[in-house]
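Contents: one structure, followed by commentary.
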């Protein structure tokens, strides 16, 4: 039997290799990790979300929220592939969360030095789990307020080929800033904060009031008063093939445009 024939034998990949392959599909750059982690915080019912980055996200991404939090058992499940609190067997046609596949955390953890700390709302104790390149450490007690904090260090250190496709630290940070702004525009009820090291790059407080008014004020705060003055509210519902599609939000008038 030739060497080539032996190499072609089918075999199962290790769990960590599977996660690293999945990471290439789910996490393309630091901004992808920021998007997944912040969306998780939104789905957890957070009122306040703080993101800290260093080195354009390659050195550090930290996302903290004051959402529902998790207990020790859920913490260990959260980093397993396709483990999720957002989906049941019969829910695929009625998704109401931003994520549901259960791939983000194990994918990020497989290509970084990763820690997940959380305390459930109804618990007096928090827990911390650390993973380095897919290798999991035992759970440790953690003193913290209710909510969740995820710290990602040395992103892609175990898949150096991915680093070749990253741009400058400033460019990568700006990609993440754009992600935060887009999520903030869609969720005026949540306070968002983004720090580049010690420098606060973006801050917006929760906007009270009904959704259309609050959303317009959030959009105006981020895009400027000129957009607010030229925005048209849209609230449309259509019945299509037995289903129902609704579209709500704001669009700029045809007479208003910006280069970016």
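In this note's numbering, the protein residues as written are 841 to 1100. Just so you know, even glycine gets a beta-carbon here, dropped at the ideal spot from N, CA and C. Nothing here was measured: the structure is a model prediction, and the numbers come from that model.
Beta-carbon proximity of residue i to residue j, cut-off 8 angstroms
i, j, result
"residue 1072", "residue 1054", "no"
"residue 957", "residue 973", "no"
"residue 955", "residue 945", "no"
"residue 953", "residue 985", "no"
"residue 1095", "residue 1070", "yes"
"residue 1062", "residue 878", "no"
Contact test: residue i Cβ vs the ligand GDP heavy atom, cutoff 7 angstroms
i, result
"residue 959", "Ligands are entirely absent from the displayed structure, and the ligand GDP is therefore not among its contents."
From the options, residue whose alpha carbon lies closest to that of residue i
i, options, result
"residue 994", "900, 878, 867", "900"
"residue 1044", "987, 983, 1051, 1057", "1057"
"residue 870", "1027, 947, 982, 965", "947"
"residue 1052", "1065, 1041, 889, 1026", "1026"
"residue 873", "961, 918, 943", "943"
"residue 1031", "867, 1078, 889", "889"
"residue 1075", "1085, 1081, 1068", "1085"
"residue 1050", "1065, 999, 1041, 1029", "1029"
"residue 886", "1047, 909, 967, 962", "909"
"residue 895", "1060, 1003, 1093", "1003"
"residue 997", "898, 966, 875", "898"
"residue 868", "1067, 1023, 1000", "1000"
"residue 1047", "1022, 1059, 891", "1059"
"residue 983", "977, 966, 976, 975", "966"
N- and C-terminal bounds of the beta strand (DSSP E) containing residue i
i, result
"residue 1012", "Note, residue 1012: premise wrong, no beta strand (DSSP E); alpha helix (DSSP H) at 1009 to 1026."
"residue 1045", "Counting along the chain, residue 1045 falls outside any beta strand (DSSP E), and DSSP gives it neither H nor E."
"residue 982", "980 to 982"
Which of helix, strand or coil DSSP assigns to residue i
i, result
"residue 959", "strand"
"residue 925", "In this predicted model, residue 925 has a pLDDT of only 49, less than 50, meaning its place in the structure is not dependable; the value taken from the coordinates is given anyway. Residue 925 falls in the coil class under three-state DSSP."
"residue 870", "helix"
"residue 896", "helix"
"residue 966", "strand"
"residue 862", "Because residue 862 carries a pLDDT of 49, less than 50, the predicted location of this residue cannot be relied on, and the following value inherits that uncertainty. In this structure, residue 862 counts as helix in the three-state DSSP scheme."
"residue 1081", "coil"
"residue 1060", "helix"
"residue 1053", "helix"
"residue 877", "helix"
"residue 1095", "coil"
"residue 1090", "strand"
Where the alpha helix (DSSP H) through residue i begins and ends
i, result
"residue 1068", "1065 to 1069"
"residue 950", "944 to 950"
"residue 913", "912 to 918"
"residue 1034", "Element bounds for residue 1034: not the alpha helix (DSSP H) but the beta strand (DSSP E), 1031 to 1036."
"residue 884", "Element bounds for residue 884: n/a, residue is neither H nor E."
"residue 1003", "1000 to 1003"
The segment 1034 to 1043 / the segment 1007 to 1025 touching (three or more Cβ pairs under 8 angstroms): yes
Cβ contact (3+ pairs, closer than 8 angstroms) linking the segment 987 to 1005 and the segment 896 to 915: yes
Cβ contact (3+ pairs, closer than 8 angstroms) linking the segment 1000 to 1010 and the segment 873 to 883: no
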